[in-house]
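Q: Under the working numbering, residues 2 to 558 are what the sequence shown spells out, in order. Cβ atoms here follow ideal geometry from the backbone N, Cα and C, with glycine treated the same way.
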Amino acid sequence: MTLSPYLLKVIIDAAAHFPENTTLLNAILIPAIVYASLPMILNICYRFNTYLCLRLYPEIKSTICKDMFTYLMRHSHDFFQNHFAGSLSKKISDMAENIEEVIKTPFELFFPRIFSILIASITLFTVVDPIFGTILFVWSITFMGLSYVAARSSEKISRNLSEASAKVDGTMIDAISNVMAVKLYANLPQEISNIDKDINQVVKNDRKLQWKNLKVNFAQGAGVTLLMGTMLFSLIYGRLHGTVSPGDFALVMIISLTFLDGVFRVGHEMQRFSKVIGACNQALSFVRLPHAIKDIQGASRIKVTDGEIKFKDVSFQYTNNKSLFSNLNVVIHPGQSVGLVGYSGGGKSTFIKLILRLIEPQAGNILIDRQDILKGTIRSLRKQVATIPQDPELFHRTIMENIRFGRTEATDEEVIAAAKSAKCHEFISELPEQYQCLVGERGVKLSGGQKQRIAIARAFLKQAPILLLDEATSALDSITEDYIKESLHELMINKTTLVIAHRLSTLKNMDRILVFVDGEIVQDGSLEVLLQDKSGHFYKLWTSQAEGFITPDAPTF
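#1: Rounded to the nearest angstrom, what separates Asn-161 and Asn-206 at their Cα positions?
#2: Is it true that the stretch 449–460 meets the stretch 516–523, where meeting means three or more beta-carbon pairs spaced less than 8 Å apart?
#3: Please list, in chain order, all residues of the same chain as Glu-309 whose beta carbon is under 8 Å from its beta carbon, the five residues on each side excluded.
#4: Who are the Cβ neighbours of Ala-561 in its own chain at under 6 Å, not counting the five residues just before and after it?
#5: Could you check the C-alpha separation between Ala-176 and Gly-449 for me, to the nearest Å?
#6: With H, G and I counted as helix, E and B as strand and the rest as coil, what does DSSP make of Asn-22?
#7: Counting only the same chain and skipping the five closest in sequence on each side, list residues whose C-beta sits under 8 Å from that of Ile-93.
#8: For a quick check, are the C-beta atoms of Ser-301 and Ser-316 less than 8 Å apart?
#9: Tell me whether Leu-55 is buried or exposed, calling it buried when 16 or more other Cβ atoms sit within 10 Å of its Cβ.
#10: Looking at the secondary structure, which residues open and close the alpha helix (DSSP H) in which Lys-354 lies?
#11: How should Phe-234 be labelled, buried or exposed, when 16 other C-beta atoms within 10 angstroms of its C-beta is the threshold for buried?
#12: What residue range does the alpha helix (DSSP H) around Glu-427 cover?
#13: On the DSSP letters alone, give me the boundaries of the beta strand (DSSP E) that Phe-406 sits inside.
#14: CB-CB under 7 Å to Pro-200, same chain, minus the five flanking residues each way: which ones, in chain order?
#15: As an exercise, report each continuous beta strand (DSSP E) stretch of at least 3 residues that is fully enclosed by the stretch 288–353, in chain order.
#16: Helix or strand or just coil, what does DSSP make of Arg-513?
#17: Can you list, in chain order, the residues of its chain with a C-beta nearer than 7 Å to that of Thr-399? Leave out the 5 residues immediately preceding and following it.
#18: According to the Cβ coordinates, are Val-500 and Gly-340 closer than 8 Å?
#19: Roughly how many whole angstroms lie between the Cα atoms of Gly-222 and Val-277?
#20: By DSSP's criteria, Thr-497 is part of a beta bridge. Which residues make up the other side?
#21: Out of Tyr-52, Phe-287, Glu-361, state which residue places its alpha-carbon closest to the alpha-carbon of Phe-81.
#22: Using beta-carbon positions only, say whether Ala-152 and Met-271 come within less than 8 Å of one another.
#23: Would the beta-carbon of Gly-365 fall within 8 Å of that of Lys-313?
#24: Quick check on this structure: which residue in Lys-384, Ala-423, Met-401 has the alpha carbon closest to the alpha carbon of Asp-413?
#25: Leaving out the 5 sequence neighbours to the left and right, which residues in its chain are closer than 8 Å to Lys-509 when beta-carbon positions are compared?
#26: Is DSSP giving Thr-388 helix, strand or coil here?
#27: Where DSSP assigns a beta bridge to Asn-366, which residues make up the other side?
#28: On the DSSP letters alone, give me the boundaries of the beta strand (DSSP E) that Val-523 sits inside.
#29: If I measure Cβ to Cβ from Asp-534 and keep anything under 8 Å in the same chain, skipping five residues before and after, which residues do I get?
#30: Taking all protein chains shown into account, decide if Arg-208 is buried (16 or more other Cβ within 10 angstroms of its Cβ) or exposed.
#31: How far does the alpha helix (DSSP H) with His-503 in it extend, from its first residue to its last?
#32: Take Asn-495 and list the residues in its own chain whose beta-carbon comes closer than 7 Å to its own, dropping the five residues that flank it on each side.
#33: From Leu-359 to Asn-195, what does the alpha carbon distance come to, in whole angstroms?
#34: Tell me which same chain residues have a C-beta within less than 7 Å of the C-beta of Asp-519, skipping the five on either side of it?
#35: Suppose the cutoff is 7 Å on Cβ atoms and the five residues either side in sequence are ignored; what does the same chain contact list for Asp-296 look like?
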């Protein structure tokens, strides 16, 4: 930036004194050749920089994306229940998209410009007149300092803008994921209204940011006018008094004009950089949050051979709620099949979540085969437990991949064998692409019963010693339920099994039944023993349910 104007000054001054100076080669020709070669030299430097970027930035982006995804997925189950999936995904993509600018802008713009300011100021100070170097240096530092202050003041607005944009994405994905409910309840206007409110927040914050940038740009333009006026007045004054040569005039004006473009660009880039930093800060919001549930230092691998589960003085309460479990003590013996029944909010699902370490107790110990699960690794614990939820979660992948999710290293033959055990091989074989058929987002292409059987096949494939069922047959019709009961019985053999029962008929084959009421196990025994206590909760529940089915709106459940 400084060498080119300086060479031009040398050429102009030499030409102005020619033919007094007869050394044409040294005075004009060599500077002219160097001057003409500068574009090619700069081009080579720029292309080398581009080559380095091509090698560096894609790797950085992929690493950032992978690391943020890994950190996100290690947050607790409760964290995901309180955040839009779409917003979280948007934060990762925003960070991957903007990280290049975060790295590139300081090294390719800010630092080179600051270095150029120093060189140009020194050049004008020593070659022309100290006044010009002083003016350029003071103006440049003041201009960039004020631009930095303005950019920092815009950072909060940028964060709000990024958060509002992420909320729009989350709301849209939420509506799209529940499109059937939107259609069935004819609530499209309501969803459009929700999106409109979120978009209005984006527009509001965007206008704030643009208005602030407008005021900053106006101030920057006034500063440019002040510099040019000062430089031009000083040059004219110096020329009239014989202290400024034609080359000096050209050198000062070209450096000033070049710097106006460069420094003004720095001011503009600071505003854009502030927006990028705001987006990155917002994207990193979930990274700044510590994991609520994580392995302790030196956690050991849990090994399950028998499958005994023991709750010892366990106390638990949800945030801002009254205590659910208080000094709960219960032992599930190896190989037992245990039904869990009780009123809504009684603690059945919480009991299961505690075993899986989706949540953690505030006091007490949960032991599996005499190993405290809080002292073991989360991964090794969950590898020992097969879970079949009431509403199975399937990926938008093939049936083969969805079943293999139970044990990722399983062969195709093992996957098919598991499907046969779960009695889903028949309907899979009737599909056009069979095991390579895509099931759609969350398994939307399959019926409820088909999804449930895919989940059961996963459990067969996993071959875990502990089995947790949230009424695995609840989504099946009576004929299909009877069809796979034998398979479920086979799956439960030699496994410790806990079943949250919605159909009381499921309890007939249980070794033991636990009845939960307000966080307490008020009854514990076999079906026959519990039915003998005609004043107990279980007997009342059993007799009140038509055909042994606990309906969703049942007053006792």
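A: Let me spell this out:
#1: Mapped onto the sequence shown, residue 161 falls at position 160. Mapped onto the sequence shown, residue 206 falls at position 205. Looking at the two C-alpha atoms, the distance is approximately 7 Å.
#2: no
#3: Stepping through the sequence shown from its first residue, residue 309 is reached at position 308. Closer than 8 Å at Cβ, skipping near neighbours: Val-332, Ile-333, His-334, Pro-335, Leu-368, Ile-369, Asp-370, Arg-371, Thr-497.
#4: This structure cannot speak to residue 561, because the chain is shown only from 2 to 558.
#5: Here residue 176 refers to the residue found at position 175 of the sequence shown. Here residue 449 refers to the residue found at position 448 of the sequence shown. Their Cα atoms are separated by approximately 21 Å.
#6: Counted from its first residue, the sequence shown places residue 22 at position 21. In this prediction, Asn-22 has a pLDDT of 49, which is less than 50 and means its spatial position is unreliable; what the coordinates show is noted afterwards. Coil.
#7: Numbered from 1 along the sequence shown, position 92 holds the residue referred to as residue 93. Within the same chain, Ile-93 has close Cβ partners Cys-66, Met-69, Phe-70, Leu-73, Ala-284.
#8: Within the sequence shown, the letter at position 300 stands for residue 301. Within the sequence shown, the letter at position 315 stands for residue 316. No; because the gap between Cβ atoms is not below 8 Å, this pair is not in contact.
#9: Residue numbering aside, residue 55 sits at position 54 when the sequence shown is read from its first letter. Classification for Leu-55: exposed.
#10: Here residue 354 refers to the residue found at position 353 when the sequence shown is read from its first residue. Segment 349–357, the alpha helix (DSSP H) holding Lys-354.
#11: Position 233 of the sequence shown, counting from 1, holds the residue named residue 234. Exposed, by the Cβ-count rule.
#12: Your numbering for residue 427 matches position 426 in the sequence shown. Unbroken alpha helix (DSSP H) run through Glu-427: 426–430.
#13: Taking the sequence shown and counting its residues from 1, the one referred to as residue 406 is at position 405. That residue, Phe-406, is in no beta strand (DSSP E); it is neither H nor E in DSSP.
#14: Your numbering for residue 200 matches position 199 in the sequence shown. Strictly speaking, residue 200 in this sequence is Ile, with Pro absent from that position. Cβ within range, chain order: Val-169.
#15: 310–317, 326–333, 338–343
#16: In the sequence shown, the residue the question calls residue 513 occupies position 512. Strand, per DSSP.
#17: Against the sequence shown, residue 399 aligns to sequence position 398. Same-chain partners within the cutoff: Tyr-436, Gln-437, Cys-438, Leu-439.
#18: The residue given as residue 500 occupies position 499 in the sequence shown. The residue given as residue 340 occupies position 339 in the sequence shown. Yes, the pair counts as a contact, with Cβ atoms nearer than the cut-off.
#19: Locating residue 222 in the sequence shown gives position 221, where the first residue counts as 1. Locating residue 277 in the sequence shown gives position 276, where the first residue counts as 1. Rounded to whole angstroms, Gly-222 to Val-277 spans 23 Å at the Cα level.
#20: Counted from its first residue, the sequence shown places residue 497 at position 496. Paired residues: Ile-467.
#21: Here residue 81 corresponds to residue number 80 of the sequence shown, with the count starting at 1. Here the closest residue by C-alpha is Phe-287.
#22: Your numbering for residue 152 matches position 151 in the sequence shown. Your numbering for residue 271 matches position 270 in the sequence shown. The answer is yes: Cβ separation under 8 Å.
#23: As a working mapping, residue 365 is identified with position 364 in the sequence shown. As a working mapping, residue 313 is identified with position 312 in the sequence shown. Yes, these two residues count as a Cβ contact at 8 Å.
#24: Sequence index remark: in the sequence shown, residue 413 carries index 412 (1-based). Asp-413 has its Cα closest to that of Met-401, out of Lys-384, Ala-423, Met-401.
#25: What you label residue 509 is simply residue 508 of the sequence shown in a count that begins at 1. If we look at Lys-509 and ignore the five residues flanking it on each side, its Cβ neighbours are Leu-528.
#26: Stepping through the sequence shown from its first residue, residue 388 is reached at position 387. It is a strand residue.
#27: In the sequence shown, residue 366 corresponds to position 365, counting from 1. Per DSSP, Lys-313.
#28: What you label residue 523 is simply residue 522 of the sequence shown in a count that begins at 1. From DSSP, the beta strand (DSSP E) with Val-523 extends over 521–526.
#29: On the sequence shown, position 533 is the one that residue 534 refers to. Excluding residues within five positions, the ones whose Cβ falls inside 8 Å are Gln-524, Tyr-540.
#30: For this step, residue 208 is matched to residue 207 along the sequence shown. By the neighbour-count rule (16 or more Cβ atoms within 10 Å), Arg-208 is not buried but exposed.
#31: Translated into the one-based positions of the sequence shown, residue 503 becomes position 502. No alpha helix (DSSP H) holds His-503; DSSP gives it neither H nor E.
#32: Position 494 of the sequence shown, counted from the start, is the residue given in the question as residue 495. Taken in chain order, the residues that qualify are Gly-336.
#33: Taking the first residue of the sequence shown as 1, we reach residue 359 at position 358. Taking the first residue of the sequence shown as 1, we reach residue 195 at position 194. For Leu-359 and Asn-195, the distance between alpha carbons rounds to 31 Å.
#34: Looking up residue 519 in the sequence shown gives position 518. Excluding sequence neighbours, Asp-519 sits near Gly-347.
#35: Stepping through the sequence shown from its first residue, residue 296 is reached at position 295. Closer than 7 Å at Cβ, skipping near neighbours: Thr-378, Ile-379.
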